[in-house]
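2 protein chains.
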Amino acid sequence: MSDQVGGSPVAIVIHGGAGTIARARMTDEMEANIRQVLKESVHAGHRVLTKGGSSTDAVAKAIRVMEDSPLFNAGKGSVFNADGKHEMDASIMEGQDLNAGSVAAVSRIKNPIDLALKVMTDSEHVMLMGAGAEEFARRQKFTMTDPGYFHTDFRWQQLQRIKARETAKQDQDDQWFSTVGAVALDRNGNLAAGTSTGGTSNKRWGRVGDSPIIGAGTYADNNSCAVSATGHGEFFIRYVVAYNICQRVELGMSLAKAADLVVNQILLDANGEGGVIAMDPKGNISMPFNSEGMYRASVNTAGEQSVSIYRDEADPGTTLTGNVDH
Amino acid sequence: MSDQVGGSPVAIVIHGGAGTIARARMTDEMEANIRQVLKESVHAGHRVLTKGGSSTDAVAKAIRVMEDSPLFNAGKGSVFNADGKHEMDASIMEGQDLNAGSVAAVSRIKNPIDLALKVMTDSEHVMLMGAGAEEFARRQKFTMTDPGYFHTDFRWQQLQRIKARETAKQDQDDQWFSTVGAVALDRNGNLAAGTSTGGTSNKRWGRVGDSPIIGAGTYADNNSCAVSATGHGEFFIRYVVAYNICQRVELGMSLAKAADLVVNQILLDANGEGGVIAMDPKGNISMPFNSEGMYRASVNTAGEQSVSIYRDEADPGTTLTGNVDH
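Same order as they appear, the protein sequences are chains G and D.
Its first residue numbered 1, the first sequence is counted upward by one per residue in our numbering.
Its first residue numbered 1001, the second sequence is counted upward by one per residue in our numbering.
Written out as structure tokens, the structure is:
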């Protein structure tokens, strides 16, 4: 993996969501499949970087792999809302110039991260939503995807279970926030971050979570760090999680300390479940979570890779440049 | 105005937008009318506070007065989007517990700030948008307002002018971002902030600005300050303006210095036009703007009031507790 030639060392970290999941509920096959897609995603993004591509392109590539997999709550595999439809959100930001793009509640875009990227590169705006965002997509020659593409039996059954138990507490496995995200550092020393999600199962009333909110779910600034978040979105909005970490880093705190403070102290005290992936301009990686697990994978500046789900899995690289801290 | 009995001293500051406006373009009558509504708004909010009401209620009350006036781009008087319709945004946050509510792109809600408040108090969510937000409103017994209510000839002519000049640069008077907002401190020492807007004239594609984004257009935390912003929304999102100021205050910077740094240095360097109103837990007020003017009014902790539009108008109270800094 360390076929880097010239320029700054590159690194990438991805997540496929965080939450409470008992190992007993996870089949070996499902776990193996998830680890496989995480690996494919992080490698695909890393390849973009080693070939000299931008961190923005690496982030979009890694996210696209997870959006195309039915195993994550983004793109194909997105959860159903209360009306049995899909409303997907995505955002992307680059650290060099703080350019950003975001879409909320799109229903017919195969890869929402691509549309967020297009909003960033080809509109004067940062955030577009709903039918308007899809009208923009049409003008930009995006193909409108048949809503049936996003149907997966797994998510449909999940919706039926939640509806059946509506008055009761949600099923435990629905406490998994399987938003996806990626953060990368490219050869030019530029950071980027992106996030994509189907939101929460059975969601109503045009609810918007943190994923499409620049500052909450996604932030990137070469002067501090890049962050993608996953968790109980309302808390991540109220605590402006991604930017909260970045500003602390900008004002002198280490990445590991800032990310840990926000996730394992501020959010934990508020009962805001979830986690983040974060990277600073040196390629140091941090991926704290206060939930039972977080799907995650990384390739650090030394080329060491990790693919993990549970809390007790050690990620490599903690003693090298390009630290991986929990 | 200083009929305060018991509890902490109270204070309130409001804005009715910022931008580039030449005095020559403003008729005496229009200017007098605007100043009159600013005065009514800030007094209405202040009365809530002196009667022992919460900062949240004071903020909502002050904003409601401006939403009900056709002179501001919020509620009645909102600009038209490219389709000749209205899509309004609002958000509110309270500093005691960081509760927040927000709505984006509602078309049939007379006072969007009331719906943002209802999202905060009566839903599990922070942000609702579009038709879904209006469905939530119906369930909460909000009356659906006829879209014709929001029609004003002034805004209709503005849209026609912009459309006619679409390929050219926008008319100068359309560079006024007349979002409204309020920030208050109540007898219990609690801060609150709120913002309401019709967005930008001729907007397309479901564009969302900073006003409904917690962290960008609105933020409140008793441990730092409360902020409501007005300006070129895309910049205010990318620089997470409201929270950017609050976190600096939390980490030790004075309110005046933090607000000035973000508005007159960070935003100005990025060509992000606009301003903010801000208040800390002691009732110190700051209202910096980097545009030619900002509609603004305040009543500080000493009961001194100000109503101003242009840069060269001095606001009172700079030497008293409850400073008013520009």
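Just so you know, even glycine gets a beta-carbon here, dropped at the ideal spot from N, CA and C.
Pairing G/A100 with G/V208 gives a Cβ-Cβ distance that is not under 7 Å. Put simply, the backbone Cα of G/T20 is about 51 Å away from that of D/L1159.
The residue from D/G1052, D/K1118, D/K1039, D/S1041 with its alpha-carbon nearest to that of D/L1185 is D/G1052. Under the Cβ distance rule, D/I1237 counts among the residues neighbouring chain G, one pair being separated by less than 7 Å. Considering only beta carbons, the part of the region 135 to 146 of chain G lying closer than 7 Å to chain D consists of E135, F136, in chain order.
Residue burial is scored here from C-beta neighbours: G/T195 has at least 16 other C-beta atoms within 10 angstroms and is therefore classed as buried. Rounded to the nearest angstrom, the Cβ distance from G/D83 to G/G75 is 19 Å, too far for a contact under 8 Å.
Excluding residues up to 5 positions away in sequence, E292, G293 lie with their Cβ nearer than 7 Å to the Cβ of G/R311 in the same chain.
Across the structure, G/D97 and D/D1269 are spaced so that their CA atoms are roughly 12 Å apart.
G/R47 is outside the set of residues whose beta carbon lies under 7 Å from a beta carbon in chain D.
Annotation: G/Q247 to G/A133 spans about 30 Å, alpha carbon to alpha carbon. Within the region 9 to 68 of chain G, the complete beta strand (DSSP E) segments of 3 residues or longer fall at 11 to 19, listed in chain order. No Cβ of chain D is located within less than 7 Å of the beta carbon of G/M253. Here the alpha carbons of G/K118 and G/T56 stand approximately 12 Å from one another.
Neighbourhood of D/Q1096 in chain G, by CB distance below 9 Å: empty, with the nearest CB roughly 12 Å away. Separation of D/N1033 and D/P1112 (C-alpha to C-alpha, rounded to the nearest whole angstrom) is 23 Å. G/A164 sits exposed, since fewer than 16 C-beta atoms from the chains shown fall within 10 Å of its C-beta.
Following the DSSP letters along the chain, one finds G/Q305 in no alpha helix (DSSP H) but inside the beta strand (DSSP E) bounded by residues 305 to 310. Scanning chain D for C-beta atoms nearer than 9 Å to the C-beta of G/E234 yields A1100, E1124, H1125, V1126, M1127, reported in chain order. If you draw a straight line from the Cα of D/F1235 to the Cα of D/A1229, it comes to about 11 Å. For D/G1274, the uninterrupted beta strand (DSSP E) run begins and ends at 1274 to 1279, by DSSP. A residue is called buried when at least 16 other Cβ atoms come within 10 angstroms of its Cβ; G/G252 does not meet this threshold and is exposed. Neighbours of G/G206 across chain D, judged by C-beta separation under 7 Å: L1128, M1129, G1130, A1131, G1132, A1133. Contact of G/I14 with chain D is not assigned, every C-beta pair being separated by 7 Å or more. Below 8 Å, too few C-beta pairs join the region 294 to 305 of chain G and the region 253 to 260 of chain G to call them touching: fewer than three. Closer than 7 Å to the CB of G/V249 there is not a single CB belonging to chain D. Of all residues in the region 207 to 233 of chain G, the ones placed with a Cβ closer than 7 Å to any Cβ belonging to chain D are R207, V208, I213, I214, G215, A216, in chain order. At a cut-off of 7 Å between C-beta atoms, G/V59 does not count as an interface residue with respect to chain D. D/F1080 carries a coil assignment under DSSP once its states are collapsed to helix, strand and coil. At least one beta carbon of chain G lies nearer than 7 Å to the beta carbon of D/V1240.
Relative to the Cα of D/A1062, the nearest Cα in the group D/F1136, D/V1180, D/I1162, D/N1222 belongs to D/V1180.
Separation of D/A1058 and D/A1182 (C-alpha to C-alpha, rounded to the nearest whole angstrom) is 8 Å. For G/Y295, no Cβ of chain D is located within less than 7 Å of the residue's own Cβ.
In the three-state scheme derived from DSSP, where H, G and I count as helix and E and B as strand, G/R207 is classed as strand.
Considering only G/Y219, G/G45, G/F80, the residue with the shortest C-alpha distance to G/D210 is G/Y219. Nearest Cα to G/G148 within the set G/I109, G/F72, G/A302, G/G16: G/I109.
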